[in-house]
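Reading through the structure tokens given below for one structure.
Protein chains: 2
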Amino acid sequence: MRDEKGLAIGELSRRTGVNIETIRYFERVGIVATPPRTSGGRRVYGAGHVRALGFIRRARELGFTPAEVRAILSLGGPAQASCSEVREIAAHHLERVRAKMADLAQLESLLATTIDRCEGDGAASCAVIELLDQYTTT
Amino acid sequence: MRDEKGLAIGELSRRTGVNIETIRYFERVGIVATPPRTSGGRRVYGAGHVRALGFIRRARELGFTPAEVRAILSLGGPAQASCSEVREIAAHHLERVRAKMADLAQLESLLATTIDRCEGDGAASCAVIELLDQYTTT
DNA sequence: ATGCTTCCTGTAGCGGCTACAGGAGCAAGC
DNA sequence: GCTTGCTCCTGTAGCCGCTACAGGAAGCAT
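Protein sequences, first through last, are from chains A and B.
First residue of the first sequence? That's 1 in UniProt numbering, and the numbers climb one at a time after it.
First residue of the second sequence? That's 1 in UniProt numbering, and the numbers climb one at a time after it.
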């Protein structure tokens, strides 16, 4: 099984950095294609699987949600997916990233000024606690 | 039970916006104090609980992790927590927020330029797919 | 007493994995 | 051939932070 065209699951795991259990999990839930088996029942993976797993990993690193990854993979994966559809998914993702950035920026300034107020003087009340101690929805 | 000093769980839920099941869950896992009970076995909440739940909710809205919320509550909650300890937790949180912002900024520009490259020309290969299709760890 | 609402406990589900246990495949050494 | 030792197999249960349900009891108004 040292042929390029037949990897055992452990080897696939090593090459892609994806946990063995996770690979089987991906198969179970339909994220990756079910590989063929040896006569003894062991999974045999090919280059396509290596690519797909690497793809999944990369996409998750880039913050794509599992649902988005699924969507791209269901378009045929990196090999066949249509450029425009993938681009649309990425564009959505970009929007989300930007929204999150805006949220965080607001939060950052709120936290920073509050912490600063607290640090400045040793007044009776703690600005940070006050900040947290109001449950009216923002 | 219309006394200010004795709320049923439903009323507490309504006032704080925290799900009834979640309130009981918080009790089970030790996030909030176990309230006294009526003779019939029903939980009776007071102003302290209202405050604590509101506090938890607010802190979660502000992105504090459950562990951080727990930490602050274990300092005695909004009422007794020490200003400096709370401030330290908040400062850590602020750091994390800033780190995340930096990450997102990088991701944003990567996504934006990649999507843009793809949009520009109808070349053979899709820049977005190429971006995703490399599983070497960043 | 009868209904109606609220509350109680206990248990199971979600997603996205991860971690076992207990058994079988398989290659290599002797 | 047989044992050793690794990898792999299946199935199940655990993690977090909740949420949802079932089946029953409390409590209030009529």
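By construction, the Cβ of each residue, glycine as well, lies at the ideal position given by its N, Cα and C atoms.
| query | Mind checking whether residue 57 of chain B and residue 78 of chain B have CB atoms under 8 Å apart? | reply | no
| Span of the alpha helix (DSSP H) holding residue 65 of chain A? | No alpha helix (DSSP H) holds residue 65 of chain A; DSSP gives it neither H nor E.
| message | Can you give me the C-alpha to C-alpha distance between residue 13 of chain B and residue 20 of chain B, rounded to a whole angstrom? | response | 6 Å
| query | Identify the residues that DSSP records as bridge partners of residue 45 of chain B: which are they? | reply | In the DSSP secondary-structure assignment, residue 45 of chain B is bridged to B:7.
| said: Just to confirm the assignment, what range does the alpha helix (DSSP H) spanning residue 24 of chain A have? | reply: 20 to 28
| field | Paired residues, beta bridge with residue 37 of chain B - DSSP | value | Paired residue(s): B:43.
| From B:93, B:117 and B:30, residue whose alpha carbon lies closest to that of residue 62 of chain B | Ranked by how close their Cα comes to the Cα of residue 62 of chain B, the residues B:93, B:117 and B:30 have B:93 in first place.
| Around the Cβ of residue 34 of chain B, are there at least 16 other Cβ atoms within 10 angstroms (buried) or fewer (exposed)? | exposed
| query | Under a CB-based cut-off of 8 Å, is residue 20 of chain A close to chain B? | reply | no
| When the Cα atoms are used, what is the spatial distance from residue 126 of chain B to residue 113 of chain B? | 13 Å
| task | Measure how close the beta-carbons of residue 91 of chain A and residue 129 of chain B come, nearest whole angstrom, since I'm counting them as under 8 Å. | result | Not really, about 14 Å apart at Cβ, beyond 8 Å.
| said: Mapping the DSSP letters down to three states, classify residue 97 of chain B as helix, strand or coil. | reply: Of the three classes helix, strand and coil, the one that applies to residue 97 of chain B here is helix, per DSSP.
| message | Using only the alpha-carbon positions, how far apart do residue 32 of chain A and residue 25 of chain B sit? | response | 36 Å
| Buried versus exposed, by CB contacts within 10 Å (16 or more), residue 38 of chain B | exposed
| request: Check the Cβ-Cβ distances between residue 55 of chain A and every residue of chain B, and say whether any is below 8 Å. | output: The Cβ of residue 55 of chain A sits closer than 8 Å to at least one Cβ of chain B.
| How would you label residue 103 of chain A, buried or exposed, when you count the other beta carbons within 10 angstroms and need 16 or more for buried? | exposed
| field | Assigned exposure category for residue 54 of chain B - 16 Cβ within 10 Å defines buried | value | buried
| Short CB-CB distance (under 8 Å) between residue 58 of chain A and chain B | Chain B contact via Cβ: present.
| Are the C-beta atoms of residue 33 of chain B and some chain A residue less than 8 Å apart? | With 8 Å as the cut-off, residue 33 of chain B does not count as an interface residue toward chain A.
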